[in-house]
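Trainee: The following block contains the structure, expressed as structure tokens.
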Amino acid sequence: MALNIVFMGSPSFAVPSLKFLHNSNDINVVAVCTQPPKAQGRKKMITPTIIHKLADDLNITVIHDFKNLYTIPDLDFIAVVAYGMFLPSEILSLPKYSSLNVHPSLLPKLRGPAPIQYALLNNHQYTGVSIIKLIEKMDAGDILLQERLNIKIQDRYSDLENKLSEMGAELLLRALKEYSNITPRKQDHKNVSFSHKIQDIQIDWLHDNVLTVYNKVRAFDGAKCMVQDYQVKIVSANIITDNTTNKVAPGKILDAKYIKCLDGLIEPITILPAGKKVMPFQDFLRGIKC
């Protein structure tokens with residue numbers, strides 16, 4: 001008999017998980033709970049979440065108020081993937097078995113809302129996904145399954161998010177199907193670390209070394225900075241190993257191609273000038289006659 005699941009999620013990270021569950025003969029997604037439509041973009045158009053749109057395409061009932069979960073009979077699990085709100089204990093205890101969460105880090109490392117960005121910002125060599133039992137304390141529940149993923153130097157936020165979302169979908173389905181055979185383990189609270197939501201990221205040419213600059217760019221798919229008194233966002237870049245520029249002032253443009261960092265060179269590939277579209281860095285430099 002298929003397990004009755006309520007799926008709770010909102011952003012694109014949750015899409016593979018919902019698809020995996022919907023496509024499994026062992027799972028019956030009885031409803032999807034997601035954040036309500038919100039005003040988005042310059043025109044402030046009221047737009048449903050990507051999970052709402054997917055649920056509509058899959059003909060799954062959509063609810064926006066998790067209090068409606070009280071009315072769902074024979075609920076076996078709640079599966080939560082980046083829902084966007086804390087859930088009270090009375091909701092978490094509704095299912096027959098458990099409420100499970102997909103978290104994109106190897107807990108107890110990087111609890112909180114921004115583990116992917118923090119892994120990239122801090123130049124971690126690997127990260128992963130944890131499937132945990134949800135409790136009221138943030139990301140502190142017992143671990144059911146974990147899987148590690150090596151981080152490549154060229155991985156950007158969007159790359160890593162895609163890999164982890166697919167990995168999380170597979171692990172979630174496995175955790176649900178094998179739940180009765182999995183022995184949960186407590187998190188080692190001595191090794192807890194946290195990630196905090198970062199609204200904006202700025203490059204500081206005077207104090208950031210080249211690796212820090214590069215990690216800021218890839219952690220947020222772009223980082224703001226000043227170039228020749230222009231506010232821009234570096235969207236993509238390469239690190240250049242060059243020890244001959246130590247006497248060059250940080251922030252200076254070299255060879256109409258590179259920018260000097262504290263200890264090396266960054267090669268911006270594409271940038272986003274304020275109020276304009278993404279363009280090649282060298283096109284921007286020609287435009288300002290640098």
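First residue of the sequence shown: 1, per UniProt numbering; consecutive thereafter.
Using N, Cα and C, we set each Cβ at its ideal position, and we do this for glycine too.
In this text, all values refer to a predicted model and were calculated from it rather than measured experimentally.
Would you say F284 and K257 are within 9 Å of each other, going by their C-beta atoms?
Mentor: Cβ distance not < 9 Å, so F284 and K257 don't count as in contact.
Trainee: Ignore the nearest five residues each way along the sequence and tell me which others in L144's own chain have a CB closer than 6 Å to its CB.
Mentor: Counting only Cβ-Cβ distances below 6 Å, and skipping sequence neighbours, we find I131, A175, I182 and P184.
Trainee: Alpha carbon to alpha carbon, what distance is there between S236 and M45?
Mentor: Going by the C-alpha atoms only, they are around 29 Å apart.
Trainee: Just verifying my parser: in three-state terms, what is the DSSP assignment at K96?
Mentor: Coil at K96, not helix or strand.
Trainee: Closest to V6 by C-alpha separation, out of L211, N23, T61 and V32, would be which residue?
Mentor: The option with the nearest alpha carbon to V6 is V32.
Trainee: Can the beta-carbon of K91 be found less than 9 Å from the beta-carbon of I72?
Mentor: The amino acid occupying residue 91 in the given sequence is Ile; Lys does not appear at that position. No, the Cβ-Cβ distance between I91 and I72 is not below 9 Å.
Trainee: What does the alpha-carbon distance come out to for the pair I271 and A119?
Mentor: For I271 and A119, the distance between alpha carbons rounds to 23 Å.
Trainee: Which residue marks the beginning of the alpha helix (DSSP H) containing Q117, and which one marks its end?
Mentor: Looking at the DSSP string, the run of the alpha helix (DSSP H) that includes Q117 is P115 to L121.
Trainee: What does a CB cutoff of less than 7 Å around D263 pick up in its chain, not counting 5 residues either side in sequence?
Mentor: Here the set comprises N209 and V210.
Trainee: Taking the alpha-carbon of D74 as reference, which of L110, R111 and N28 has the nearest alpha-carbon?
Mentor: Ranking the options by Cα distance to D74, first place goes to N28.
Trainee: Quick check on T47: buried or exposed, where buried means 16 or more other Cβ atoms within 10 Å of its Cβ?
Mentor: Exposed, by the Cβ-count rule.
Trainee: Among residues of its own chain, excluding the 5 on either side of Q35, which ones have a beta-carbon nearer than 6 Å to its beta-carbon?
Mentor: Excluding sequence neighbours, Q35 sits near S10, T49 and G84.
Trainee: Could I get the ranges of all uninterrupted alpha helix (DSSP H) runs contained in the segment 190-257, with 4 residues as the minimum, in chain order?
Mentor: Within the segment 190-257, the complete alpha helix (DSSP H) runs of at least 4 residues are 210-219.
Trainee: Which residue marks the beginning of the alpha helix (DSSP H) containing S165, and which one marks its end?
Mentor: From DSSP, the alpha helix (DSSP H) with S165 extends over Y157 to K177.
Trainee: DSSP state of Q40, grouped into three classes?
Mentor: Q40: strand per DSSP, three-state reduction.
Trainee: Counting only beta-carbon separations shorter than 9 Å, does D26 have a partner in chain D?
Mentor: You won't find chain D in this structure, because it holds only one protein chain.
Trainee: If I measure Cβ to Cβ from L222 and keep anything under 7 Å in the same chain, skipping five residues before and after, which residues do I get?
Mentor: The question names Leu, yet the displayed sequence has Gly at residue 222. Here the set comprises K233, I234, V235 and L272.
Trainee: Can you tell me which of the three DSSP states Y70 falls into?
Mentor: DSSP places Y70 in helix when its eight states are reduced to three.
Trainee: In terms of alpha-carbon separation, which member of K67, Q117 and P113 lies closest to L94?
Mentor: Of the candidates K67, Q117 and P113, the one whose C-alpha sits nearest the C-alpha of L94 is K67.
Trainee: How many angstroms separate the CA atom of A169 from the CA atom of S17?
Mentor: For A169 and S17, the distance between alpha carbons rounds to 4 Å.
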